[in-house]
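Working notes, beginning with the structure itself.
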Amino acid sequence: MSLLRVTSPHASGQGQVSSVMRDVLIATLPGVLILTAYFGPGTLLNIVFGGLIAVATEYAITALRGRDPRVAISDLSILVTSTLLCIALPPYAPWWLIVIGVLTAVLLGKQVFGGLGYNPFNPAMVGYVVLLISFPVQMSAWASPRGLAEVPGLGDTLRHVFAPGTIDAVTAATPLDLLRQNTGLLFEDLLTNSPELTGWGGIGWFEVNLAFLRWRPLAVVSPDLYLACAHRYARCPRCLRAHRI
Amino acid sequence: MLAMLSDQPLLAALTALLGLGATFGALLGFAAIRFRVEGNPISEQINALLPQTQCGQCGYPGCRPYSEAIADGDSINKCPPGGEETIQALADLLDVEPQPLDAEHGVEKEPVVAWIREDECIGCTKCIQACPVDAILGAAKVMHTVIADECTGCDLCIEPCPVDCIDLIPRKEGISFWHWSLPEDRASRYDVIATDAATRDAA
Amino acid sequence: MRTIHDIHGGIHPPERKALSRPGDLQNAPIPPVLVLPVRQHLGVPALPIVAVGDTVLGGQVLAEAQGVMSVPVHAPSSGTVVAIESRPIAHASGLADQCIVIQTDGEDHWLAFEGVTSWRERDPATLVERIREAGIAGLGGAGFPTAVKLSPGPTRPIETLLVNGTECEPYITADDTLMQCRADELVEGAHILAHILSADSILIGIEDNKPDAIARVQAAISRAGVDVELATFPTKYPSGGEKQIIEILTGQQVPSGGIPADIGIVCVNPGTAVATQQAIVDGKPLTHRIVTLTGEALAAPQNVTACLGTPITQLLEHAELSVDGQQRIIHGGPMMGFAVSDLNAPITKITNCLLAPTATELPLPDPAQPCIRCGHCAEACPASLLPQQLYWYARAKDQEQLAEHRLFDCIECGACAYVCPSQIPLVQYYRAAKGQIRDSEQEKRRSDNSRERFEARQARLEAETAAREAKRAARKAAAQSQAAENGSDPIQEAIERAKARKAEQEANP
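Chains as they are written, first to last, in our numbering: chain A, 20 to 264; chain B, 317 to 519; chain C, 5 to 513.
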């Protein structure tokens with residue numbers, strides 16, 4: 020028998036990096052579902068396509084850096100990065116936008132600093148910021164939510180993403196734009212009368228409001244959802260009082 | 317005079333500026349003398365960082381002279397007992413680049429204390445005179461001994477001893493000086509200790 | 005009913021306490037050789053007063069306490085002193101320390117002891133002295149000399165004596181067993197301690213995962229018919245930390261850097277209370293303790309009363325250790341214990357458990373991965389520290405920031421490392437950083453001292469030179485003034501004297 024010398028504690032919990040990352044991925048699910056309900060399969064396509072690019076990049080880079088690529092992939096951190104970034108990108112964004120964003124996130128956001136744990140910034144946000152500065156037009160080209168326009172099917176989605184130009188732009192006024200353009204109506208009237216904020220969209224605000232109350236972190240995941248939350252918040256008289264607005 | 321100044325805006329501006337400068341200059345000068353802070357001179361601060369071995373390996377007779385020399389611009393890498401840590405601290409204090417220890421003055425060693433082999437000591441008092449911190453106790457023709465708690469391990473007593481009865485022994489040995497060291501970045505997190513057969517046979 | 009407070013953080017590792025069958029106490033056999041380290045406590049080692057070849061009886065003093073922060077060592081059985089030398093001891097460093105080795109004669113002859121049953125009439129100071137002479141050091145794991153703990157000084161009046169029967173570490177059941185088997189002694193011991201401290205109330209705290217111990221202690225309190233409060237609280241690791249149990253039971257926090265006595269509480273382990281009772285009432289010194297032998301690598305896990313100084317290998321053999329290949333033997337529990345590096349090392353006053361886990365039971369740690377800043381450690385920390393920040397600063401050896409983030413409030417419980425998904429050995433970083441800080445503080449003190457001595461010497465040498473100069477100047481001045489008086493030049497006179505002597509010598513060869 021030979022003895023082993025190990026430092027305490029000798030027991031350890033079940034926690035793994037991959038399980039932390041898995042939990043984050045699960046936490047994005049409700050947000051992704053709502054995005055899909057609003058905007059159709061565009062977000063899902065973003066996530067799947069971005070994820071493939073990200074995994075391939077991570078694999079190649081870790082192999083180049085002389086690390087074990089399978090270990091690097093299996094901690095799921097790369098999927099968290101790509102998923103967070105792709106949720107934040109507009110649905111139906113052109114394929115090259117996703118590729119540039121993911122490459123920036125993985126290469127400049129993460130791997131140049133030494134990989135997992137050594138990145139000073141959130142890699143997904145590095146990718147997002149670079150895209151926002153470089154491609155403001157594409158980054159603000161959000162599709163109209165269900166209720167304002169027809170949500171494209173899967174075939175249209177693929178064409179739109181990989182062969183841009185075959186479909187004309189499907190952008191429409193965002194609710195914030197609606198407020199800006201409004202000149203005559205009271206805010207309350209606007210909330211009850213304008214088509215953007217009633218009907219399907221109106222129900223949506225209610226759903227998102229629930230998410231805000233129960234799952235605030237995930238509402239923060241997407242700027243659009245966050246905006247929606249703010250809207251609902253503004254409608255609630257108790258909140259208005261609480262904040263002396 | 318005022319009339320002339322109002323006629324000559326350039327002159328007025330110059331006068332005003334000069335006046336203001338003179339006033340504030342005088343004020344500052346007064347404050348500098350009146351509210352003078354008896355600050356820690358830089359050599360004091362340097363001296364506080366030096367290990368106070370008083371060994372003279374830096375080429376100066378003691379830590380205070382070396383601290384004064386550093387304050388006057390000598391390099392900070394001449395103190396082997398202080399080692400890298402002291403160089404780093406001095407570099408931080410003086411806001412200069414840390415340099416590697418100058419090997420000309422010696423290398424960084426484990427801290428030691430002097431130990432007199434008492435039955436060999438002839439009582440010559442030479443080491444007592446050499447000790448910079450009065451850590452050796454004794455009198456002429458009787459045995460001397462080192463007060464281990466006060467000894468800095470400077471080795472200045474070794475050379476004068478005519479019978480070579482002084483040893484330098486490690487100061488930090490044994491269980492009471494041990495502490496955990498930082499984990500190493502390596503693949504295996506445990507040591508295998510080969511105690512195999514002997515233990516089992518004895519048991 | 006006492007309000008039970010909650011502490012920040014904490015974890016719920018699998019308890020595995022039933023494995024060692026708490027409450028069933030056996031006697032371990034007296035080993036052929038006892039190895040008694042002179043340092044079984046926190047503080048100054050004891051000084052051996054026996055010589056090789058001496059015959060000793062059970063209970064005889066082998067080594068005397070040196071100063072206040074020290075306790076003596078007694079022989080746990082009769083025999084002959086065969087060596088006083090450096091031997092491997094159970095210590096995280098794996099280093100050796102001075103030990104007194106006794107070859108037992110198997111007859112177990114003991115000195116006759118004289119106890120004090122009427123301790124209530126005795127002066128606390130004499131009782132403290134008896135406790136010190138009995139060699140009692142905290143049996144919970146740190147080995148702090150009990151006599152020192154019982155002398156908090158007049159500035160710290162003690163209101164409450166708290167007996168900490170939490171035993172929150174997984175696997176260990178030594179205190180549980182002690183509370184079940186020695187409940188009456190425990191209650192009386194607590195009373196003696198409270199009497200010494202002039203404490204108003206006695207509080208025994210037990211975690212609610214020990215129903216048998218709770219029932220037995222409750223019964224003992226009723227039997228004794230005395231006023232002792234028994235408080236139970238939910239199981240959570242590390243509720244048994246001194247500062248943690250005080251917060252749980254009183255809602256008060258021990259100030260950072262302070263001791264419980266600062267808020268009027270003295271906290272002792274049940275084993276210490278029982279040892280006190282034996283030392284006072286029976287006059288018996290501390291020579292045995294209860295040790296939990298557990299882990300799946302043992303065929304017969306159990307609790308035993310063992311002689312201090314029994315080699316670990318003997319006890320493991322007694323509990324039928326059967327392993328081939330690599331094995332960890334942990335001294336203490338799985339959270340805070342250390343791996344033993346030599347099985348010939350003996351058990352000491354601080355050994356509450358020997359754990360021999362199999363590799364599937366407590367898997368060896370995987371290589372540490374980079375910190376992903378998940379913050380689980382901060383959620384688990386019972387001292388409300390920021391383990392992640394401490395980790396970065398420990399790596400950077402930034403002592404200032406470590407102090408700023410209150411490194412020394414860390415109790416090294418291991419909760420942070422337990423929850424760490426990256427398997428970073430956080431506790432080792434903190435221990436190393438603490439060691440480095442203590443080291444540099446000590447060096448600083450030494451160097452300040454040296455500077456003072458150097459400067460004092462310089463001043464003395466200068467004063468001596470100045471005094472010599474002054475004397476010479478005075479002599480010169482005296483000579484000159486004499487010359488002025490006599491109207492002659494002393495130098496000229498001296499030359500003439502020398503010439504005269506020379507002439508004389510030439511005249512009388």
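For every residue, glycine included, the Cβ atom is placed at its ideal position computed from N, Cα and C.
{"Check": "Locate the alpha helix (DSSP H) running through A/Val-156, then write down its first and last residues.", "Outcome": "155-158"}
{"Check": "With DSSP as the reference, identify every bridge partner of C/His-78, one or two as the case may be.", "Outcome": "C/Val-65"}
{"Check": "Along chain B, which residues have their Cβ under 9 Å away from the Cβ of C/Ser-326?", "Outcome": "Simply none; closest approach about 11 Å."}
{"Check": "Pull out every residue of the segment 24-40 of chain A whose Cβ sits closer than 7 Å to any Cβ of chain C, in chain order.", "Outcome": "Arg-24, Val-25, Thr-26, Ser-27, Pro-28, His-29, Ala-30, Ser-31, Gly-32, Gly-34, Gln-35, Val-36, Ser-38 and Val-39"}
{"Check": "Run through DSSP, which three-state label would C/Leu-38 get?", "Outcome": "strand"}
{"Check": "How many whole angstroms separate the CB atoms of B/Thr-369 and B/Gly-469, which I take to be in contact at a CB cut-off of 8 Å?", "Outcome": "7 Å"}
{"Check": "For A/Ile-72 and A/Val-36, which I take to be in contact (beta-carbon distance under 8 Å), what is that distance rounded to the nearest angstrom?", "Outcome": "Not a contact, Cβ separation roughly 22 Å."}
{"Check": "Apart from the five residues on each side of it in sequence, which residues of its chain come closer than 7 Å, Cβ to Cβ, to C/Ile-176?", "Outcome": "Thr-296, Gly-337, Asn-356 and Cys-357"}
{"Check": "Give every residue of the same chain whose Cβ lies closer than 8 Å to the Cβ of C/Lys-288, excluding the five residues on either side of it in the sequence, and list them in chain order.", "Outcome": "Gly-63, Phe-117, Gly-119, Ala-138 and Gln-282"}
{"Check": "Look at the alpha carbon of C/Pro-52 and the alpha carbon of C/Val-75, and state the distance between them as a whole number of angstroms.", "Outcome": "12 Å"}
{"Check": "Determine which residues share a DSSP beta bridge with B/Asp-507 and list them.", "Outcome": "A/Arg-24"}
{"Check": "Which stretch, first to last residue, makes up the alpha helix (DSSP H) that contains C/Leu-359?", "Outcome": "Where C/Leu-359 is concerned, there is no enclosing alpha helix (DSSP H), although the beta strand (DSSP E) it sits in stretches over 357-359."}
{"Check": "In this structure, does DSSP put B/Gln-404 in helix, strand or coil?", "Outcome": "helix"}
{"Check": "Give the straight-line distance between the Cα atoms of B/Asp-507 and C/Ile-334, rounded to the nearest whole angstrom.", "Outcome": "14 Å"}
{"Check": "With distances taken from CA atoms, which of C/Glu-89, C/Thr-159 and C/Ala-398 is nearest B/Glu-500?", "Outcome": "C/Ala-398"}
{"Check": "Which residues of the segment 147-164 of chain A have a Cβ closer than 7 Å to any Cβ of chain B? Give them in chain order.", "Outcome": "none"}
{"Check": "Counting only beta-carbon separations shorter than 9 Å, does A/Gly-128 have a partner in chain C?", "Outcome": "no"}
{"Check": "Put B/Cys-443 into one of helix, strand or coil per three-state DSSP.", "Outcome": "helix"}
{"Check": "For a contact defined as C-beta to C-beta under 9 Å, what are the partners of B/Val-508 on chain A?", "Outcome": "Ser-21, Leu-22, Leu-23 and Arg-24"}
{"Check": "Going along chain C, which residues have a C-beta under 8 Å from A/Leu-135?", "Outcome": "Gln-373, Pro-374 and Ile-376"}
{"Check": "Using a C-beta cutoff of 9 Å, does A/Asp-94 count as contacting chain C?", "Outcome": "yes"}
{"Check": "Considering only the alpha carbon of each residue, which of C/Glu-68, C/Ile-106 and C/His-195 lies closest to C/Pro-128?", "Outcome": "C/His-195"}
{"Check": "Return the CA-CA distance between C/Ala-400 and C/Leu-411, expressed in angstroms with no decimal places.", "Outcome": "14 Å"}
{"Check": "Identify the continuous beta strand (DSSP E) that holds C/Thr-84 and give its terminal residues.", "Outcome": "83-92"}
{"Check": "Taking contact to mean at least 3 C-beta pairs separated by less than 8 Å, is the segment 176-193 of chain C in contact with the segment 22-32 of chain C?", "Outcome": "yes"}
{"Check": "Leaving out five residues before and five after A/Leu-229 in sequence, what residues of the same chain have Cβ atoms less than 7 Å from its Cβ?", "Outcome": "Any reading at A/Leu-229 must be qualified, since the residue scores a pLDDT of 48, below 50, and its modelled position is unreliable; no value is offered."}
{"Check": "Going along chain C in order, which residues have a C-beta closer than 7 Å to the C-beta of B/Val-449?", "Outcome": "Ser-454, Arg-457, Phe-458 and Arg-461"}
{"Check": "With a threshold of 9 Å between beta-carbons, can A/Val-240 be considered close to chain C, or not?", "Outcome": "Model confidence at A/Val-240 stands at a pLDDT of 49, short of 50, so the residue's coordinates are unreliable; what they give is reported in the following sentence. Not an interface residue."}
{"Check": "Please report the distance separating the alpha-carbon of A/Leu-150 from that of C/Ala-382.", "Outcome": "34 Å"}
{"Check": "Using 9 Å as the threshold, is the C-beta distance between C/Gly-268 and C/Thr-164 below it?", "Outcome": "yes"}
{"Check": "Going by Cα to Cα distance, which pick from B/Glu-354, B/Ser-359 and B/Lys-394 is closest to B/Gln-373?", "Outcome": "B/Lys-394"}
{"Check": "Can you tell me the Cα-Cα spacing of C/Asp-493 and C/Asn-512, whole angstroms?", "Outcome": "29 Å"}
{"Check": "Which partner residues of C/Tyr-241 appear in the DSSP bridge assignment?", "Outcome": "C/Ile-15"}
{"Check": "Quick check on C/Ala-96: buried or exposed, where buried means 16 or more other Cβ atoms within 10 Å of its Cβ?", "Outcome": "buried"}
{"Check": "Between the segment 312-330 of chain C and the segment 256-264 of chain C, do three or more beta carbon pairs fall short of 8 Å?", "Outcome": "no"}
{"Check": "Does DSSP put B/Arg-380 in a helix, in a strand, or in coil?", "Outcome": "helix"}
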